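Numbering (the numbering used here), first residue to last: 2 to 370. We put the beta carbon where it would ideally sit given N, CA and C, even for glycine. Every value quoted in this text rests on a predicted model; they were computed, and no experiment measured them.
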Ligand code: APR
Ligand code: ZN
Ligand code: ZN
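Shown next, in the form of C-alpha cells:
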C-alpha cells in the first residue's frame, strides 16, 4: 500500500511529506486509514531530540482517528469499516498490569513500541526500501498506518473522526486524570495549572465530577474566558502576584484545595500544585511531561502532613474498554471536543501546525488527510 506520510528524518528537522510503502497487517494487526490526527506536545518533544527514546527516521503522530481497511490473521475484535482510535497505551487484558485493576499501563508490547517497531520486531513502513520507524505504536501522521489489534479502540461511527481524534490523547488525558486517577468527589475544590488542551479538559473532568470550585491557573490571560466557559469558577494569573502562587491559593481556599493538577510539564509548577493542596488530605496529580532529566522537589513535611503526590498517563484510561464511552459522552454533549479544534490543516501544512503549537496560537490543530 502506498501512503502519504510526514517523515521525521532527524531531530530538529522539519517533516517532509513522502509517499511511503506500508506493508499489509500481519497476524494480530490491523491497517487503519487515518481521517484526521491532532498534533500534540509529545510529537514535538520527540522531534526536538529531547526524547531519549526517539529514533529516526520515523513517522510521528499519536492523536488520530480513522477507519479499518484491512485486518491480519486472527483479528476478531475489529472488522473492515469499523471506526477506530489508535491507542498509544494498549490494553491486552492479559498482562500483569491489565489484570491488576490498578493501572492502565499495559506492558504487553512496551519493549518493541519503545524501539519504534511492531511486536514482531520489524517495521511496516519503508521508503525506497529503507525502513522507517513507528512512533508510540501509532504513527498517525500517515494516511495509512498499521497497529496491533490490542492498540485499537472501536468507537461509535456517528462521531466525527476529525473531532474525536483529540480523544486519542489530550482531552482524555485531562478528563481521565480527574475521574480515574484523582477520583474527585462531588463538592471538592480543584486547582488546575496550565490551560492548554489538557488543562482545559481537567476543567471538563472537574465539572463532570461535580466539583464545587474550580481554580484555573495560567500566565496567559487570554485563557481565562474559555476556562470560565467550560466551568472554571476562578481564573488566577501568577504574574498578578509577587509571592508564590501556592500561598495565594491556600489563602483563597481556606487552607488549600482538595485536588490539584499540573498540566504544563514544569517542575516548579508541579511543586506549586502540590503545595496548593490542603493539609491532611489534598492530592496533587502530575499530568504534564517535564523535560528529560528534570526532577521534582518539595519539603517532605508536605507529604508527612497528609498531602499526596501522584501521576497520570492517558488519564488512567483503559483504551479498549473505556475510550468508546468517552466518545459516547462526546456524542451526548457531556464532553466538549469541537471547541478544542482551533485550526484545521491538510497534511502538507504539518510543519506550520508545529509552529502554531510552539507559538501557543492554538489549543489544537487537527490535520486532515
Ligand atoms: N504557570 C502557569 N501556566 C503556565 C506556565 C506557568 N509557569 N507555563 C506555561 N503555562 C501555560 C501556558 O500559557 C499554556 O496555556 O500552560 C499551558 C500549557 O498548554 P499547552 O502548551 O497547550 O499544553 P497541553 O497540550 O495542554 O499539554 C500540557 O501535558 O500531556 C502533557 O506533554 C504535555 O506537558 C504537556 C502538558
Ligand atoms: Zn499527546
Ligand atoms: Zn496488558
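Tell me whether residue 115, by its Cβ, gets closer than 8 Å to a heavy atom of ligand 3. no
Are the CB atoms of residue 171 and residue 54 nearer to each other than 9 Å? no
State yes or no: is the C-beta of residue 41 nearer than 8 Å to some heavy atom of ligand 1? yes
DSSP on residue 142, reduced to helix/strand/coil? coil
Between residue 34 and residue 62, is the Cβ-Cβ spacing less than 9 Å? no
For my contact list, residue 263 and residue 283 are in at a C-beta cut-off of 8 Å; report their separation, rounded to the angstrom. Wrong, their Cβ atoms sit about 13 Å apart, outside the cutoff.
Buried or exposed: which applies to residue 202, given that a residue is buried once 16 or more other Cβ atoms fall within 10 Å of its Cβ? buried
Hey, which residues come within less than 7 Å of ligand 3, measuring from Cβ to any heavy atom, in chain order? 91, 92, 93, 94, 95, 96, 98, 99, 107, 108 and 109
Simplified DSSP state of residue 39, which is helix, strand or coil: strand
Quick one: is residue 184 buried, meaning 16 or more other Cβ sit within 10 Å of its Cβ, or exposed? exposed
Would you report the Cα separation of residue 323 and residue 316, rounded to the nearest angstrom? 11 Å
Name, in chain order, the residues that DSSP records as bridge partners for residue 174. In the DSSP output, where bridge partners are listed per residue, residue 174 has none listed.
Tell whether a beta-carbon distance below 9 Å holds between residue 194 and residue 124. no
Could you check where the beta strand (DSSP E) with residue 194 kicks off and where it finishes? 190-194
Out of curiosity, what's the CA-to-CA distance linking residue 250 and residue 233? 14 Å
Given a threshold of 16 other Cβ atoms within 10 Å of its Cβ, counted over all protein chains shown, does residue 333 qualify as buried or as exposed? exposed
Among the residues of its own chain, which have a CB less than 6 Å from the CB of residue 187, if the five just before and after it don't count? 211
Rounded to the nearest angstrom, what separates residue 214 and residue 253 at their Cα positions? 11 Å
Within 10 angstroms of its Cβ, does residue 58 collect 16 or more other Cβ (buried), or is it exposed? buried
Any heavy atom of ligand 2 closer than 8 Å to the CB of residue 279? no
For residue 114, which residues of its own chain have a beta-carbon under 6 Å away from its beta-carbon, when the five flanking residues on both sides are left out? 138
Could you tell me which residues DSSP pairs with residue 135 in its beta bridges? Beta-bridge pairing links residue 135 to no other residue.
Please state if the CB of residue 31 and the CB of residue 69 are separated by a distance shorter than 9 Å. yes
Option in 327, 205 and 242 with minimal Cα separation from residue 229: 205
Residue 388 versus 3, 5, 97 and 174, residue with shortest Cα-Cα distance: Only positions 2 to 370 of the chain appear in this structure, which leaves residue 388 out of reach.
I'd like the list of long-range same chain contacts for residue 83, defined as Cβ closer than 6 Å, with 5 residues on each side in sequence excluded. 69 and 155
Quick one: what's got a C-beta closer than 8 Å to residue 280's C-beta in the same chain, skipping five residues either side? 256, 257, 306, 307 and 308
Is residue 135 near ligand 2, judged by its Cβ being under 8 Å from some heavy atom? no
Indicate, with yes or no, if ligand 2 has a heavy atom lying under 8 Å from the CB of residue 146. no
Residues bridged to residue 126 by DSSP? 23 and 133
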